[in-house]
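These notes concern the structure reproduced below.
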Amino acid sequence: PPMVPTELVEKEFWRLVNSIEEDVTVEYGADIHSKEFGSGFPVRDGKRRLSPEEEEYAGSGWNLNVMPVLQQSVLCHINADISGMKVPWLYVGMVFSAFCWHIEDHWSYSINYLHWGEPKTWYGVPSFAAEHLEEVMKKLTPELFESQPDLLHQLVTLMNPNTLMAHGVPVVRTNQCAGEFVITFPRAYHSGFNQGYNFAEAVNFCTADWLPAGRQCIEHYRRLRRYCVFSHEELICKMAASPEKLDLNLAAAVHKEMFVLVQEERKLRKALLEKGITEAEREAFELLPDDERQCDKCKTTCFLSALACYDCPQGLVCLYHMDDLCKCPRSKQYLRYRYTLDELPAMLHKLKVRAESFDTWANKVRIALEVEDGRKRSEWGWGGEFGGLRGGSGGFWGVKGGI
1 PPMVPTELVE
11 KEFWRLVNSI
21 EEDVTVEYGA
31 DIHSKEFGSG
41 FPVRDGKRRL
51 SPEEEEYAGS
61 GWNLNVMPVL
71 QQSVLCHINA
81 DISGMKVPWL
91 YVGMVFSAFC
101 WHIEDHWSYS
111 INYLHWGEPK
121 TWYGVPSFAA
131 EHLEEVMKKL
141 TPELFESQPD
151 LLHQLVTLMN
161 PNTLMAHGVP
171 VVRTNQCAGE
181 FVITFPRAYH
191 SGFNQGYNFA
201 EAVNFCTADW
211 LPAGRQCIEH
221 YRRLRRYCVF
231 SHEELICKMA
241 ASPEKLDLNL
251 AAAVHKEMFV
261 LVQEERKLRK
271 ALLEKGITEA
281 EREAFELLPD
291 DERQCDKCKT
301 TCFLSALACY
311 DCPQGLVCLY
321 HMDDLCKCPR
331 SKQYLRYRYT
341 LDELPAMLHK
351 LKVRAESFDT
361 WANKVRIALE
371 VEDGRKRSEW
381 GWGGEFGGLR
391 GGSGGFWGVK
401 GGI
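Take the sequence shown: its position 93, counted from the start at 1, is 93 in UniProt numbering, and no numbers get skipped.
Structure representation (structure tokens):
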């Protein structure tokens, strides 16, 4: 039978969402772990022999099992297989099954591939309008946000794009058909629904340009007291510890982030010292389970440092909340640190050397291109003044006085 027009399905979807008299129940196989149930892409797991065509796709960077671990991907430096972020999730949809307004964990990119079936309709809001969207939703549904301040992180909020646009929020839409990818950008809210029976696969990825957004996200999570999926500081430091393994462009971006981290850490430890805390112990935070190194106040995952107390061994706070640890005397409190303040600049220097090798390479390429360009101009008779398209006494046209 002919496919029902997407516009008609979309109109009916929002009619049902807005209706208070009709109930429709749908099934959605969402967030299915691909490691457990298998990927829609061919994978080299040794379970079966791949055909030559499958071998090609198994190693392709567009394979969602491969993309998160490419050299240019930041997430390849995280050891753990983070489900949904580094390991793809599967989605089996039916008509009207929906995904609510949300942004990705750590404000990462996401990529969704529709393997087969009916289209998936998407709505997107650019990152610069993220806070505007949040303000509009809080304004229109204040009672929901009063009882659940982190409502938008629960993926249960569906609001008509027309309502958002009526309040000045820019919204774009697209229909994703089988065989197509959809990419969402850092802190870009998105939602949507399925036009019918389909099968999709999605994963997150982070490139060098994401690093500043990732840091801003941790600051945002700290204000909301939301748990992190991984430690951003640990990720940056792990890359900084092995700069030779980094793509040159990534090394330059990590250097900028590491510089910010070092400056901030220096400032925080100075404030700690001024409060009279002089005891310190080195701690390999990366060896601790995340739930044993979370700040009691803001829930962030500590890595560079944390404040603890000898008399309250279960307590731990990040240095942003050094006044919220316990009521014990400062003499009982001590700093747990991963690196000394002398070790951090050394890591920064190694990154700088690696990043500068990128600048050196780029300059060599630029010079080579300029030399090649000059050679071609000379061969084609475009040298001298003609190279700049200036007339001279003979004029560009070879006629005295020009035209």
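Quick reminder that beta carbons are idealized off the backbone N, C-alpha and C, glycines included.
Query - Sequence-distant residues of the same chain with beta carbon closer than 8 Å to residue 23, five excluded per side - result: none
Query raised in the report: For residue 194, which residues does DSSP report across the bridge?
Result: 120
Report task. Just list the beta strand (DSSP E) runs in the region 71-154, keeping only unbroken ones of 3 residues or longer that don't cross its boundaries, in chain order. Result -> 89-93, 98-102, 109-117 and 120-124
Query - Alpha carbon of residue 262 to alpha carbon of residue 236, nearest angstrom - result: 11 Å
**Report entry** residue 283, DSSP secondary structure in three states
**Finding:** coil
Query - Own chain partners of residue 360 with C-beta closer than 7 Å, once the 5 adjacent residues on each side are dropped - result: none
Query raised in the report: Do residue 320 and residue 279 come within 8 Å of each other at the CB atom, strictly closer than that value?
Result: no
Report task. Return the first residue and the last residue of the beta strand (DSSP E) that residue 29 is part of. Result -> 29-33
Query raised in the report: So is residue 124 in contact with chain C if we call contact Cβ pairs under 8 Å?
Result: The chain labelled as chain C is not found in the depicted structure, where only one protein chain is given.
Query raised in the report: Which ranges does the beta strand (DSSP E) cover as unbroken runs of at least 3 residues, wholly within the region 302-339, from first to last along the chain?
Result: 305-309 and 333-337
Query raised in the report: Since residue 189 and residue 133 are thought to touch, with beta carbons under 8 Å apart, how far apart are those beta carbons, to the nearest angstrom?
Result: 5 Å
Requested in this report: Pull up the distance between the alpha-carbon of residue 199 and that of residue 292, whole angstroms please.
Outcome: 38 Å
Requested in this report: Select from 285, 315, 310 and 313 the residue whose C-alpha is nearest the C-alpha of residue 302.
Outcome: 285
Query - Own chain, CB closer than 8 Å to residue 27, minus 5 neighbours either side, in chain order - result: 94 and 97
Query raised in the report: Taking the C-alpha atoms as reference points, what is the distance between residue 13 and residue 125?
Result: 20 Å
Report task. Could you round the C-beta distance between residue 372 and residue 338 to whole angstroms and report it? I think they count as a contact, below 8 Å. Result -> Going by Cβ atoms, the distance from residue 372 to residue 338 rounds to 48 Å, so no, they are not a contact pair.
Report task. Name the two residues that bound the continuous beta strand (DSSP E) containing residue 174. Result -> 172-176
Query raised in the report: Would you call the CB atoms of residue 204 and residue 6 closer than 8 Å?
Result: no
Query - Backbone secondary structure at residue 181 - three-state DSSP - result: strand
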